[in-house]
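Remarks on the structure that follows.
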Amino acid sequence: MADAVIVAASRSPIGRAYKGSLKDVRADDLAATIVRAALQQVPQLDPGDIDELILGCAQPAGEQGYGLGRIVAVLLGLDHVPGVTVQRYCASSLQSTRMAVQAIRSGDGSVYVSAGVEMVSRYGAGKSDGMPGTHNPLFEQAQQRTAELCTGEGAWTDPRLAGALPDAYVAMGQTAEHVAQLYDVSRSDQDAYAVLSQNRAEKAVADGFWRRDITPVHLPDGTCVDSDDCPRSGTTLEGLEALKPVFRPEGTVTAGNCCPLNDGAAALVIMSDTRAAELGLTPLARILSTSVSATSPEIMGITPVEASRRALAQAGMTMDDVDLVEMNEAFAAQVVASQRQLDIDVSRLNVHGGAIALGHPFGMTGARLTTTLLNALRWDDKEIGLETMCAAGGQGMAMVVQRLS
């Protein structure tokens with residue numbers, strides 16, 4: 119069975135949605151730009167040898183619809199390359215990587231592009247984005263229960279214990295509040311972690327780390343975007359403590375301890391180790407394992423725990439073997455809860471800052487975390503990395519990689 123290796127990784131700057139640097143860029147155009155940048159890192163590869171382009175997107179509608187993966191391939195002149203669009207919400211482009219790995223291991227192919235994109239700024243630019251009245255009415259009672267919790271009355275309990283459906287359409291901020299209650303993550307815990315993320319990102323900017331992580335994007339007007347929009351220098355605990363809860367009157371989740379809305383794209387070139395050797399390539403990393411997990415949609419944020427445990431078990435490892443962890447920071451509540459459950463040393467977790475500071479373009483994030491993890495392993499001269507994240511619907515994903523160069 120062939121091993122899957124990553125031979126190239128590229129990611130765009132992350133723009134702030136609606137008012138940021140990438141707000142006027144189409145998703146297909148940005149994804150094509152970043153896939154092209156990744157392929158340019160492997161000049162030995164004949165594009166004719168690419169078996170498939172697999173692209174993750176959390177909301178594949180409007181401009182992000184019409185088979186976005188295939189649209190990107192055609193934009194790149196790769197008419198012969200099949201393209202598919204994958205949707206697993208926040209983990210969409212980690213799922214695209216998982217599919218590439220599975221195809222390589224099964225012998226279905228040897229060269230894949232795994233990419234992801236999300237342009238939240240452009241959601242309103244298409245006619246098929248808003249689809250009111252599409253929720254399954256069987257979840258109406260569950261949604262009413264969520265609405266009652268939003269008023270601050272009562273604490274979360276598993277609806278399955280009462281023979282009821284969970285709210286499959288629950289707002290992500292509500293899941294963070296549930297996790298905070300269930301795993302005793304206080305407002306001060308969340309704010310302290312958010313400050314850490316911002317401060318680490320600020321230091322990484324000053325140190326030059328992000329310059330090696332980011333592929334600059336040239337806009338049609340000649341502007342070059344070469345940095346993330348969202349990190350806030352000088353973030354303090356006092357500043358975050360002054361913010362009001364967003365989702366519940368007496369809640370703990372604020373605009374300061376969760377990720378913003380964003381735009382961005384990322385891409386990886388993944389191939390079999392034998393194909394890489396034939397091309398004379400030294401891979402960036404070997405993918406040791408990938409995994410998925412699931413729980414109640416209402417406590418989505420805790421899913422990195424089981425996903426990580428499964429991925430580590432598949433790799434024959436424990437958390438003690440992991441040098442660095444990149445966990446998506448959708449909400450500080452879920453990161454803190456998952457970090458505690460997995461007993462991750464904070465000195466190894468998101469060491470250059472995470473999505474609270476950088477942003478979280480949903481479909482991009484899986485591939486972006488991989489890019490950042492590989493660069494962090496090289497920057498700090500480490501070997502084993504774990505990537506993990508939660509996704510809407512109560513899902514989790516994880517991947518273990520071994521740095522090779």
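If you read the sequence shown in this note's numbering, its first letter stands for residue 119, the second for the next number, and so on.
Glycine included, C-beta positions come from ideal geometry on N, C-alpha and C.
Assuming residue i and residue j form a contact by the criterion Cβ under 8 angstroms, report the distance between their Cβ atoms to the nearest whole angstrom.
{"i": "residue 448", "j": "residue 376", "result": "7 angstroms"}
{"i": "residue 288", "j": "residue 452", "result": "Wrong, their Cβ atoms sit about 13 angstroms apart, outside the cutoff."}
{"i": "residue 159", "j": "residue 128", "result": "7 angstroms"}
{"i": "residue 387", "j": "residue 157", "result": "6 angstroms"}
{"i": "residue 426", "j": "residue 460", "result": "6 angstroms"}
{"i": "residue 123", "j": "residue 404", "result": "5 angstroms"}
{"i": "residue 383", "j": "residue 517", "result": "In fact, because the Cβ distance is near 19 angstroms, the residues do not count as touching under 8 angstroms."}
{"i": "residue 385", "j": "residue 152", "result": "5 angstroms"}
{"i": "residue 186", "j": "residue 196", "result": "That pair is no contact at about 14 angstroms."}
{"i": "residue 331", "j": "residue 489", "result": "6 angstroms"}
{"i": "residue 491", "j": "residue 454", "result": "Rounded, the Cβ-Cβ distance is 20 angstroms, inconsistent with contact."}
{"i": "residue 335", "j": "residue 148", "result": "7 angstroms"}
{"i": "residue 209", "j": "residue 515", "result": "4 angstroms"}
{"i": "residue 370", "j": "residue 363", "result": "6 angstroms"}
Can you give me the Cβ contacts of residue i inside the same chain, cut-off strictly under 6 angstroms, excluding the 5 residues immediately before and after it?
{"i": "residue 531", "result": "Only positions 119 to 523 of the chain appear in the structure, and residue 531 is not among them; the question remains open."}
{"i": "residue 237", "result": "145, 381"}
{"i": "residue 189", "result": "146"}
{"i": "residue 270", "result": "366, 367, 368"}
{"i": "residue 472", "result": "315, 447"}
{"i": "residue 346", "result": "131, 132, 476"}
{"i": "residue 170", "result": "200, 230"}
{"i": "residue 253", "result": "287"}
{"i": "residue 258", "result": "none"}
{"i": "residue 462", "result": "443"}
{"i": "residue 138", "result": "347"}
{"i": "residue 223", "result": "119"}
{"i": "residue 521", "result": "403, 495, 501"}
Using a 10 Å radius around the Cβ and a threshold of 16 neighbouring Cβ atoms, would you call residue i buried or exposed?
{"i": "residue 200", "result": "exposed"}
{"i": "residue 194", "result": "buried"}
{"i": "residue 304", "result": "exposed"}
{"i": "residue 396", "result": "exposed"}
{"i": "residue 468", "result": "buried"}
{"i": "residue 424", "result": "buried"}
{"i": "residue 119", "result": "exposed"}
{"i": "residue 175", "result": "buried"}
{"i": "residue 419", "result": "buried"}
{"i": "residue 478", "result": "buried"}
{"i": "residue 434", "result": "exposed"}
{"i": "residue 390", "result": "buried"}
{"i": "residue 436", "result": "exposed"}
{"i": "residue 220", "result": "exposed"}
{"i": "residue 98", "result": "A question about residue 98 goes unanswered here, because the residues of the chain that appear run from 119 up to 523."}
{"i": "residue 329", "result": "exposed"}
{"i": "residue 109", "result": "Lying outside 119 to 523, the shown extent of the chain, residue 109 is not represented and no answer is given."}
{"i": "residue 164", "result": "exposed"}
{"i": "residue 74", "result": "In the structure displayed, the chain extends from 119 to 523; residue 74 sits before or after that span and is not available."}
{"i": "residue 464", "result": "exposed"}
{"i": "residue 528", "result": "Because the chain spans 119 through 523 in this model, residue 528 falls outside it and cannot be assessed."}
Who are the Cβ neighbours of residue i in its own chain at under 7 angstroms, not counting the five residues just before and after it?
{"i": "residue 523", "result": "400, 401, 402"}
{"i": "residue 432", "result": "407, 409"}
{"i": "residue 312", "result": "358, 374, 375, 450, 474"}
{"i": "residue 300", "result": "274, 417"}
{"i": "residue 265", "result": "none"}
{"i": "residue 422", "result": "445, 456, 506, 507, 508, 514, 516"}
Output yes if chain C places a C-beta closer than 8 angstroms to the C-beta of residue i; else output no.
{"i": "residue 479", "result": "Protein chain content of the structure displayed is limited to a single chain, and chain C is not contained in it."}
Residues in the same chain with beta-carbon distance under 8 angstroms from residue i, minus the five sequence neighbours each way, listed in chain order, please.
{"i": "residue 278", "result": "284, 414"}
{"i": "residue 392", "result": "120, 228"}
{"i": "residue 207", "result": "176, 480, 509, 510, 511, 513"}
{"i": "residue 263", "result": "277, 282, 285"}
{"i": "residue 154", "result": "194"}
{"i": "residue 268", "result": "292, 365, 366"}
{"i": "residue 498", "result": "441, 442, 469"}
{"i": "residue 256", "result": "283"}
{"i": "residue 309", "result": "355, 358, 359, 372, 374, 375, 450"}
Next item on the list: Decide yes or no for the touch test of the region 509-519 against the region 410-429: beta carbon pairs closer than 8 angstroms, at least 3 of them.
Entry: yes
Check: Quick check: the region 229-237 against the region 195-215, are there 3 or more CB pairs under 8 angstroms?
Finding: yes
Checklist line | Cβ contact check for the region 267-278 and the region 286-300: 3 or more pairs under 8 angstroms | finding: yes
Check: Can you list, in chain order, the stretches of the alpha helix (DSSP H) that have 4 or more residues and sit fully within the region 375-452?
Finding: 391-396, 421-432
Checklist line | Every unbroken alpha helix (DSSP H) inside the region 156-227 [4 residues or more] | finding: 186-193, 210-224
Margin query: Below 8 angstroms, how does it come out for the region 126-137 and the region 472-482: are there three or more Cβ pairs, yes or no?
Written below: yes
Checklist line | Complete runs of the alpha helix (DSSP H) confined to the region 305-339 [at least 4 residues] | finding: 305-325, 327-331
Item checked: Secondary structure, alpha helix (DSSP H): runs of 4+ residues fully inside the region 123-162 -> 145-158
Notebook entry, point to check: At which residue ranges does the region 459-487 contain complete alpha helix (DSSP H) runs of 4 or more residues, listed in the order of the chain?
Noted result: 473-476
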